[in-house]
Amino acid sequence: MHPVDYYSTVTKNCSGNFSEQEIRNIRASYYAMCAETDSMLEFAGIPIPPGLSGHSLVPLTSQGNKQSTESHPGWILSEYHGCNANASTYMLRMDKWKYITYSDGLGVPPQLFDLSLDKAELTNVASRYPDVCLHLDKLLRSVVDYPNVTEAVRQYNRQQFLQWKQSLGNNYTQVIANLRWHMDWQRNVQNNEKAVEDWLDRL
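To convert, note that position 191 of the sequence shown is 1536 in the working numbering; the numbers rise steadily by one, no gaps.
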């Protein structure tokens, strides 16, 4: 398993098998996060304001020919910078390919899945199709400058954490030791505190 997937699987407790209903629920949640605003506005006949980062899915529905004023670009982009991820994650889906890259695109190898043959995304074929990876990475960079976005997220995370730490004053040590990861934290408190300080020093 890819290191980023392993980390995400363990931290999100997703190592078991999912029922069909759970899979549908997960897909519905991700759909809502990426396309709901644009699609609902277009279905309602409300002009879509400029600057939204998504694209309406109306062109892909049975009503697409009647209602849609804008064609879909032919690809889907998703990015994730959550607190349970150890790297910013970027995904570009185009035709049968799903391309995933991490952070600045250099430190962790990308993944490529052929969804026509591998719907569960179990076989990374990036090494077999370097030209496809290069093409999709170039397209991704034309949409979002992901190395710069990743660096901005890193800086934001450090600044926000530092403000939170300072707001706690003398209570910081007690509070951080009792958050949701408290059992792991307690295994080596001094080491963990030092790791946090080293990370903050890079501001």
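Cβ coordinates follow ideal geometry from the N, Cα and C atoms, glycine included. Predicted model only: the values in this text are computed from it and were never measured.
Bridge partners for threonine 1446 per DSSP, in chain order? Note: threonine 1446 sits in a beta bridge opposite Tyr1435.
Are proline 1455 and cysteine 1478 close, meaning C-beta to C-beta below 8 Å? yes
Cβ-Cβ separation, valine 1498 to serine 1401 (assumed contact under 8 Å), whole Å: That belief does not hold up - the Cβ atoms of serine 1401 and valine 1498 are roughly 27 Å apart, past 8 Å.
Could you tell me the distance, in whole angstroms, from the CA atom of asparagine 1533 to the CA atom of tyrosine 1474? Within the model, the alpha-carbon separation for asparagine 1533 versus tyrosine 1474 is close to 43 Å.
Pull the bridge partners of serine 1423 from the DSSP assignment, please. Met1436
Got a sec, what are the start and stop residues for the beta strand (DSSP E) aspartate 1543 sits in? Counting along the chain, aspartate 1543 falls outside any beta strand (DSSP E), though it belongs to the alpha helix (DSSP H) covering 1534-1546.
Distance, threonine 1495 Cα to glutamine 1508 Cα: 20 Å
Using DSSP with H/G/I as helix, E/B as strand and the rest coil, what is leucine 1467? coil
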